[in-house]
Every structure is written in C-alpha cells, then in structure tokens.
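Undergrad:
In UniProt numbering, the protein residues as written are 1 to 314.
1) Could you name the residues that DSSP lists as bridge partners for residue 281?
2) As an exercise, report each continuous alpha helix (DSSP H) stretch of at least 4 residues that is fully enclosed by the stretch 201-274, in chain order.
3) Based on Cα-Cα distance, which residue from 212, 210, 196, 222 lies nearest to residue 163?
4) Tell me the residue span of the beta strand (DSSP E) that contains residue 142.
5) Would you decide whether residue 133 is buried or exposed? Buried here means 16 or more other CB atoms lie within 10 Å of its CB.
6) With C-beta atoms as the reference, is residue 114 less than 7 Å away from residue 21?
7) So, is residue 30 buried or exposed, given that buried needs 16 or more other C-beta atoms within 10 angstroms?
8) Determine, using beta-carbon pairs with one atom in the stretch 73-83 and one in the stretch 268-278, whether at least three such pairs fall under 8 Å.
9) In terms of residues, what are the limits of the beta strand (DSSP E) holding residue 304?
10) Going by DSSP, which residues form a beta bridge with residue 194?
11) Should residue 38 be labelled buried (16 or more other beta-carbon atoms within 10 Å of its own) or exposed?
12) Would you kindly work out how many angstroms separate the C-alpha atoms of residue 215 and residue 92, rounded to a whole number?
13) How is residue 182 classed by DSSP in three states: helix, strand or coil?
14) On the DSSP letters alone, give me the boundaries of the alpha helix (DSSP H) that residue 125 sits inside.
15) In the DSSP assignment, find the unbroken alpha helix (DSSP H) run with residue 72 in it and report its ends.
16) At what residues does the alpha helix (DSSP H) containing residue 188 begin and finish?
17) If you measure between the beta carbons of residue 175 and residue 187, is that distance less than 7 Å?
18) For residue 198, does the count of other Cβ atoms within 10 angstroms reach 16, so buried, or fall short, so exposed?
19) Of the choices 266, 11, 288, whose alpha-carbon is the least far from that of residue 221?
20) Helix, strand or coil for residue 11? Go by DSSP, reduced to three states.
21) Taking just the CA atoms, how far does residue 159 sit from residue 153?
22) Determine the burial state of residue 94: buried for a count of at least 16 other Cβ atoms within 10 Å of its Cβ, exposed for fewer.
23) Assuming residue 120 and residue 104 form a contact by the criterion Cβ under 8 Å, report the distance between their Cβ atoms to the nearest whole angstrom.
24) Residue range of the alpha helix (DSSP H) that residue 47 falls in?
25) Check for me: the beta strand (DSSP E) holding residue 98 runs from which residue to which?
26) Should residue 130 be labelled buried (16 or more other beta-carbon atoms within 10 Å of its own) or exposed?
27) Helix, strand or coil for residue 90 per DSSP?
28) Taking only the alpha-carbon atoms, compute the straight-line gap between residue 250 and residue 314 and give it to the nearest angstrom.
29) Quick one: what does DSSP say residue 22 is sitting in, helix, strand or coil?
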C-alpha cells in the first residue's frame, strides 16, 4: 500500500481513477503483443539488473521494450477519451477524458491547450512558493507572462501530435523481467499515465550543463552517428543508447527524430517544470536542504528559464 504526499503538487482527487483507467487501456493496447505483461506481476526490477547483463541480453530486452512502447504508441484511445489530459470514469462507468494526475492539465482538445494549463498551474504554484515568490524580484516574471500569453501555444503547436496513450514513467524501475528467461513480465505504476503526444518526456532540459546529456539530446532529435557508438562517458551509456535507438527503429516506433517539432515540445515541458521546482514544496526535502543547496536549485531554475526565454526571444 502506498500513501501519497499531500504536498506533492499532484491532483489527489483523481489519481486513483486515472491510474485504473490507464491500466485498463494499457491492457487493451498490449493484448495483441503479450497478454501477460500487465496482470501477472512477478520478476525483478530491470533497472537494478540491466547494467550487469551482457550486450546480447540487453538487446533482447530492449527489443521487447520497443515492442511494448510501439503498442502504446499505436493504440487508438476510445472516442470518449480522445482528448489530451488524464482519464476518468463517467457516471455510467464509461471511460472518459479527465484532468491529469499532475495538477492543472485537461481534458483539452489540443496539446497546446494542455500545456497552457500546465503553464498557468506552475505560475500559480510559483506565486505560493516562499522561496521564489513568483519570480517577482526581477524582470523574469514579466518575461514569463509575455511568453505564456504570446509564445507558448505557437511553440507547442509545431508538434504533429495525436492523442496517444502514455505510461508516464516507463523506466527500468517500473519494468520487471524474469532473469531465467530474460523475458519482460510486468509493466508497473501507471500513476502518471495520460493521453499525450507520441513521444512524451523524451529527454532532459536542453541546458543541463553536461555536454554528454546535451549530445544525447541532439542525437535523439537528429539521429545517432557511428562515432556515437564509440563514445565513452560516465553520465551516458552510449552503447545502450544507440542499441535502444536501433531496436526502436526496427520495431517501427516513432522516435523523436521522426516527429516534427518534438524538440520544441520537450524544451517547453522542462521549461514549465522549472517555473516552480517541486522539491520546494516537499517538507521532507526542505528539512534536510541547507540554505546553500536551496539557493543552488533556485539559481539553476532561474538560469534555465532565462536561457530558454533568450532562445525564444522573450
């Protein structure tokens, strides 16, 4: 049993309904791939074991992940839930669109409207935060307001988006596999599931300060080169990154490099997250954080916001 944190900035009123609704669609999306993947929960977390596996087993698992990802991506939500946002159940028990578990999103008819709601919600959180105080201590707040009014929708509308079932947290911690057979056995935790774009939350902010992270972002958008396979880095496993791209290509997954405007969408997503860093609302984090650490996080968020606004000329 898991209890959520009331200060987590999530929409507690609909989290359970949304997760149940997403799981029901996930079963439909995967029924022609592997009916055991969602309901049978056994195995060990893939994230703990993946680094220790040989390249052949890694590729085999990435092949299975690519197939699951493709079925999510290709699945057509029911007409009643073909909006951008979360999922819920109507009075008659039918599955319908609803707000996202991340506060302030949906249901919306366009992806631009969904991101506009996310933006307004984060501005509201920023105004309530005693650390950043709405970014009103400089011209940053004025620039944010101008971008929200004039620039955000035009950037997001560059994406050729269609309503797509999104797991929301598809990583090694939420995938189980059988060590004996090397077979995926479970896809867990649909808490952040929603209807979004074909390739959501694909990579980190463009201004991470890590050249390797920024190179990976460029590769995801523009494609990998032969030299990338040979790259060595402490922060990026380049062999796995290129292997994953190869298996996603073979499976027919729409990758970031296949989707017009996805780079803009990713940048806007992480930009919005930096408007009000969530850890500033978590009491357990603030109790342990030193004033110096809080100032570092605040400065990093401000720098990210300002660099993006400079890029977008706001």
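Backbone N, C-alpha and C fix where the C-beta goes; we use that ideal spot for every residue, glycine too. Note that the structure is a prediction, hence the values are computed from the model and not measured.
TA: Well, looking at it:
1) The residue labelled residue 281 in the question sits at position 281 within the chain shown. None, per the DSSP bridge assignment.
2) 211-222, 226-229, 238-251
3) As a first step, residue 163 must be located in the chain shown, where it is residue number 163. Measuring from the Cα of residue 163, the nearest candidate turns out to be 196.
4) As a working note, residue 142 is residue 142 in the chain shown. Looking at the DSSP string, residue 142 is not in any beta strand (DSSP E); the run it does join, the alpha helix (DSSP H), is 140-150.
5) On the chain shown, residue 133 is found 133 positions in, with the first residue counted as 1. The residue in question, residue 133, is exposed, as its Cβ has fewer than 16 Cβ neighbours within 10 Å.
6) Mapped onto the chain shown, residue 114 falls at position 114. Mapped onto the chain shown, residue 21 falls at position 21. No, the Cβ-Cβ distance between residue 114 and residue 21 is not below 7 Å.
7) Counting from 1 along the chain shown, the entry for residue 30 is found at position 30. Result: buried.
8) no
9) By 1-based counting over the chain shown, the position of residue 304 is 304. That residue, residue 304, is in no beta strand (DSSP E); its alpha helix (DSSP H) goes 291-311.
10) In the chain shown, the residue the question calls residue 194 occupies position 194. Answer is 166, bridged to residue 194.
11) Taking the chain shown and counting its residues from 1, one reaches residue 38 at position 38. Model confidence at residue 38 stands at a pLDDT of 49, short of 50, so the residue's coordinates are unreliable; what they give is reported in the following sentence. Burial call: buried.
12) The residue given as residue 215 occupies position 215 in the chain shown. The residue given as residue 92 occupies position 92 in the chain shown. Each residue's alpha carbon lies about 50 Å from the other.
13) Within the chain shown, residue 182 is the residue found at index 182, counting from 1. In the structure shown, residue 182 sits in coil (DSSP, three-state: anything other than H, G, I, E or B).
14) As a first step, residue 125 must be located in the chain shown, where it is residue number 125. That run of the alpha helix (DSSP H) goes 111-128.
15) Taking the chain shown and counting its residues from 1, the one referred to as residue 72 is at position 72. Run containing residue 72: 55-74, per the alpha helix (DSSP H) assignment.
16) Counting from 1 along the chain shown, the entry for residue 188 is found at position 188. Residue 188 -> no alpha helix (DSSP H), and no H or E assigned at all.
17) Position 175 of the chain shown, counted from the start, is the residue given in the question as residue 175. Position 187 of the chain shown, counted from the start, is the residue given in the question as residue 187. Going by C-beta atoms, residue 175 is nearer than 7 Å to residue 187.
18) On the chain shown, residue 198 is found 198 positions in, with the first residue counted as 1. Flag for residue 198 reads buried.
19) Against the chain shown, residue 221 aligns to sequence position 221. Of the listed residues, the one whose Cα sits closest to residue 221 is 266.
20) The residue given as residue 11 occupies position 11 in the chain shown. Coil.
21) On the chain shown, position 153 is the one that residue 153 refers to. On the chain shown, position 159 is the one that residue 159 refers to. If you take the alpha carbons of residue 153 and residue 159, they lie about 11 Å apart.
22) On the chain shown, residue 94 is found 94 positions in, with the first residue counted as 1. Answer is exposed; the Cβ neighbour count stays below 16.
23) Position 120 of the chain shown, counted from the start, is the residue given in the question as residue 120. Position 104 of the chain shown, counted from the start, is the residue given in the question as residue 104. Contact flag correct, Cβ pair sits at about 7 Å.
24) Residue numbering aside, residue 47 sits at position 47 when the chain shown is read from its first letter. Unbroken alpha helix (DSSP H) run through residue 47: 46-49.
25) One-based indexing of the chain shown puts residue 98 at position 98. 95-98 is the extent of the beta strand (DSSP E) around residue 98.
26) As a first step, residue 130 is located in the chain shown; it is residue number 130 there, counting from the start. Under this definition residue 130 is an exposed residue.
27) As a position in the chain shown, residue 90 is number 90, starting the count at 1. Of the three classes helix, strand and coil, the one that applies to residue 90 here is coil, per DSSP.
28) As a working note, residue 250 is residue 250 in the chain shown. As a working note, residue 314 is residue 314 in the chain shown. The alpha-carbon atoms of residue 250 and residue 314 are separated by roughly 40 Å.
29) Here residue 22 refers to the residue found at position 22 of the chain shown. Of the three classes helix, strand and coil, the one that applies to residue 22 here is helix, per DSSP.
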